[in-house]
Amino acid sequence: MPVIHFVTTSGETLTLAAENGRSIMEVAKANDLPMLAACGGALACATCHVIVDEDWYDRLDPPSEDEEDLLDTAHGLTPTSRLCCQIRVSDALDGIRVTLTPMD
Amino acid sequence: MSTQTPSGTEAAVTEAAVTEATEVTDVAIIGAGPVGLFAVFECGMLQLRCHVIDALPTLGGQCVALYPEKPIYDIPAAPELTASELIARLQQQIAPFQPRFHLDQQVTELQRRDAAWELTTSRGTRIRARAVMVAAGVGAFGPNRPPLPGIEQYEGRCVHYLVAERERFRGQRLVIAGGGDSAVDWAIALADSAAEIHVIHRREQFRAAPETSARLHELAAAGKIQLVIPYQLAALEGDGERLGAVVVKTLKGEERRIEADHLLAFFGLASKLGPINDWGLGAHNGVIPVDPSTCATSLPGVFAIGDIANYPRKLKLILTGFAEAAHAAHAAYAVVHPDRALHFEHSTTVGVPLREP
Ligand SMILES: Cc1cc2nc3c(=O)[nH]c(=O)nc-3n(C[C@H](O)[C@H](O)[C@H](O)COP(=O)(O)OP(=O)(O)OC[C@H]3O[C@@H](n4cnc5c(N)ncnc54)[C@H](O)[C@@H]3O)c2cc1C
Ligand code: FES
Numbered sequence: 503m504p505v506i507h508f509v510t511t512s513g514e515t516l517t518l519a520a521e522n523g524r525s526i527m528e529v530a531k532a533n534d535l536p537m538l539a540a541c542g543g544a545l546a547c548a549t550c551h552v553i554v555d556e557d558w559y560d561r562l563d564p565p566s567e568d569e570e571d572l573l574d575t576a577h578g579l580t581p582t583s584r585l586c587c588q589i590r591v592s593d594a595l596d597g598i599r600v601t602l603t604p605m606d
Numbered sequence: 028m029s030t031q032t033p034s035g036t037e038a039a040v041t042e043a044a045v046t047e048a049t050e051v052t053d054v055a056i057i058g059a060g061p062v063g064l065f066a067v068f069e070c071g072m073l074q075l076r077c078h079v080i081d082a083l084p085t086l087g088g089q090c091v092a093l094y095p096e097k098p099i100y101d102i103p104a105a106p107e108l109t110a111s112e113l114i115a116r117l118q119q120q121i122a123p124f125q126p127r128f129h130l131d132q133q134v135t136e137l138q139r140r141d142a143a144w145e146l147t148t149s150r151g152t153r154i155r156a157r158a159v160m161v162a163a164g165v166g167a168f169g170p171n172r173p174p175l176p177g178i179e180q181y182e183g184r185c186v187h188y189l190v191a192e193r194e195r196f197r198g199q200r201l202v203i204a205g206g207g208d209s210a211v212d213w214a215i216a217l218a219d220s221a222a223e224i225h226v227i228h229r230r231e232q233f234r235a236a237p238e239t240s241a242r243l244h245e246l247a248a249a250g251k252i253q254l255v256i257p258y259q260l261a262a263l264e265g266d267g268e269r270l271g272a273v274v275v276k277t278l279k280g281e282e283r284r285i286e287a288d289h290l291l292a293f294f295g296l297a298s299k300l301g302p303i304n305d306w307g308l309g310a311h312n313g314v315i316p317v318d319p320s321t322c323a324t325s326l327p328g329v330f331a332i333g334d335i336a337n338y339p340r341k342l343k344l345i346l347t348g349f350a351e352a353a354h355a356a357h358a359a360y361a362v363v364h365p366d367r368a369l370h371f372e373h374s375t376t377v378g379v380p381l382r383e384p
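Residue numbers (our numbering), protein chains in the order written: chain A, 503 to 606; chain B, 28 to 384.
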């Protein structure tokens, strides 16, 4: 199973096994990480905002136009910001590192 | 996301009576999303009277705030209907029970008083109820506030999330943030009367109709509007009363300071659990643990239903919430009428029992 490294807002790294086909948001929620993901992956809330490690960002499928539109409503954006309900786990993502954003 | 635009406000439920004195009822329902609304029906069938409170000025929760036009396909016996149709039908279904709505106000306090619960809202409404159903979904909807240090002290005075009165911006230096219809429409609408308008947006594309985007760029070319792209809000400067400047940064961290009298921030709606976290319900990561057979929380007479209620293998679906509303109503009956046995009859047997007004 691929693993995902989640960096919390306090700088702690949690490495979690993730089933292929799930979204990174689902992995985070299943493991009770501090992430709101209010809309449950319906691309309607932007509360699953994560910052993807630069080395990994370009290896992901680029965000859809809808995801870009919703990112407009997120705060504290970086050049590698993504909504992680839109990123599906696969073997190719084994070892990806994402940083959580404040739940506020 | 729906927000106010210069061309009109979203349909408001105006028949909602807003009251100031303490109201007394059997069940207070926090949240007028689909699940809170259906709870009125389930309670009504057991002759329990309900008051419903919501932070939004409209009924419908996520369905109306986030996706009114989208078709829903997984409501039993309704092969396809839009989210706003679903809410309209629920309103029709619960109308016979004459629920009282208190809209545009957030429930901020929940306190045990004698053998009842007393709820207080942000508008000072007080409601006493034997039982409470927390149908708060993903939290109270309100403007999506940029997390800038000290922003609260300027809100309503120099920081605005909607334009109530456009005349107050005449001759003022404005920073408008956001990339959707509200930001673009207001930049255009205020271009003539404001002294200066800077529009802050994180990328070239705006999420606005092509004609409006074109108009924005025309006004920018004519020097009436300054487009500050690709920037996002970083900080506010001021004396705590009046705003002096808005600091913006590129995604890479280059900084710019824009002198301004007002910031208009249009980032749509966001939901916040807020006070519910402090009510001793064990809320964690946005959900409240319940016993799925009754939807009872850890507090006596307080139930949680819909998206906010959590138990192993919970499915956050409207249909799940509807069933939870039925479980909670039956459990609430015993709280409201501890001395009366519940004699259950199907709706086909009793019909819809109209309450005396
Ligand atoms: C884009 C999208 C598509 C979806 N599609 C489907 C679908 O096809 N099928 C399906 O079953 N589900 C779908 N859902 C999920 C569905 O909308 C939710 O499960 C449903 O809205 C939950 O209803 P609810 O009544 O529990 O909460 P909500 O709809 O979230 O309503 C809760 C209400 O409580 C109010 N509130 C919260 N706290 C307070 C307070 N302290 N004081 C006052 N008011 C408060 C809020 O303002 C809000 O209006 C979708 C969701 C989204 C975002
Ligand atoms: S969970 Fe809402 S957009 Fe990702």
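Glycine included, C-beta positions come from ideal geometry on N, C-alpha and C.
Relative to the non-hydrogen atoms of ligand 2, the Cβ of A:Leu545 comes within a distance shorter than 6 Å of at least one. Using a Cβ distance threshold of 7 Å, A:Lys531 and A:Ala519 do not count as a contacting pair. Within the segment 529-544 of chain A, the residues whose Cβ lies closer than 9 Å to some Cβ of chain B are Lys531, Asp534, Leu535, Pro536, Met537, Leu538, Ala539, Ala540, Cys541, Gly542, Ala544, listed in chain order. Look at A:Leu585: its beta carbon is less than 6 Å from one of the heavy atoms in ligand 2. Listed along chain A, the residues sitting closer than 7 Å to B:Tyr94 by beta-carbon distance are Ala546. Every beta strand (DSSP E) stretch that sits fully inside the segment 216-259 of chain B and reaches 3 residues is listed by chain position as 223-227, 253-255.
No Cβ of chain B is located within less than 7 Å of the beta carbon of A:His551. Beyond the five residues adjoining it in sequence on each side, A:Thr517 comes within less than 7 Å, by CB distance, of Val505, His507 in the same chain, given in chain order. For B:Arg116, the uninterrupted alpha helix (DSSP H) run begins and ends at 110-121, by DSSP. The alpha helix (DSSP H) runs lying completely inside the segment 54-136 of chain B and spanning 4 residues or more are 61-72, 88-92, 110-121, given in chain order. With contacts defined as CB atoms closer than 7 Å, B:Val165 and B:Ser298 qualify as a contacting pair. Around the beta carbon of B:Glu192, fewer than 16 other beta carbons sit within 10 angstroms, so the residue counts as exposed. Scanning chain B for C-beta atoms nearer than 7 Å to the C-beta of A:Thr580 yields Leu278, reported in chain order.
At a cut-off of 7 Å between C-beta atoms, A:Thr510 does not count as an interface residue with respect to chain B.
If you ignore the 5 residues before and after B:Ile121, its C-beta comes within less than 7 Å of the C-beta of Leu64, Val67, Phe68, Gly71, all in its own chain and listed in chain order. Look at A:Asp606: its C-beta is under 7 Å from a C-beta on chain B. Rounded to whole angstroms, the gap between the alpha carbons of A:Glu528 and B:Ala115 is 32 Å. Between B:Ala336 and B:Arg200, the CB-CB gap reaches or exceeds 7 Å. B:Ser111 is outside the set of residues whose beta carbon lies under 7 Å from a beta carbon in chain A.
In the three-state reduction of the DSSP assignment, B:Arg157 falls in the strand class, which pools E and B.
When DSSP assignments are scanned along the segment 345-373 of chain B, the uninterrupted stretches of alpha helix (DSSP H) that are 4 or more residues long and fall wholly within it turn out to be 345-363.
Not one heavy atom of ligand 2 is found less than 6 Å from the C-beta of A:Ala530. Judged by DSSP in its simplified three-state form, B:Arg283 adopts strand. Chain A places no beta carbon closer than 7 Å to that of B:Val91, leaving this residue out of the contacts.
With 16 or more neighbouring CB atoms inside 10 Å of its own CB, B:His129 falls in the buried class. A direct Cα-Cα distance of roughly 24 Å separates B:Ile285 from B:Arg234.
In the same chain as B:Gly205, and ignoring 5 residues on each side of it, the C-beta atoms closer than 6 Å to its own belong to Phe293, Phe294, in chain order. CA-CA distance, B:His289 to B:Tyr188, rounds to 11 Å.
Per DSSP, B:Val314 lies in no alpha helix (DSSP H) and is assigned neither H nor E. B:Pro170 sits in a strand when the DSSP states are folded into three classes. Each residue's CA atom was taken as its position, placing B:Asp318 and B:Thr324 some 7 Å apart.
Secondary-structure assignment with DSSP links A:His551 through a beta bridge to A:Leu585. For B:Leu291, the enclosing beta strand (DSSP E) has its first and last residue at 289-292. Across the set B:Arg157, B:Ser374, B:Gly151, the C-alpha of B:Arg157 shows the shortest separation from the C-alpha of B:Val51.
By the C-beta criterion, the segment 138-151 of chain B is judged not to be in contact with the segment 339-356 of chain B, since fewer than 3 inter-stretch pairs fall below 8 Å. The shortest C-alpha to C-alpha distance from B:Ala359 to any of B:Ala48, B:Gly60, B:Pro61, B:Cys77 is the one to B:Cys77.
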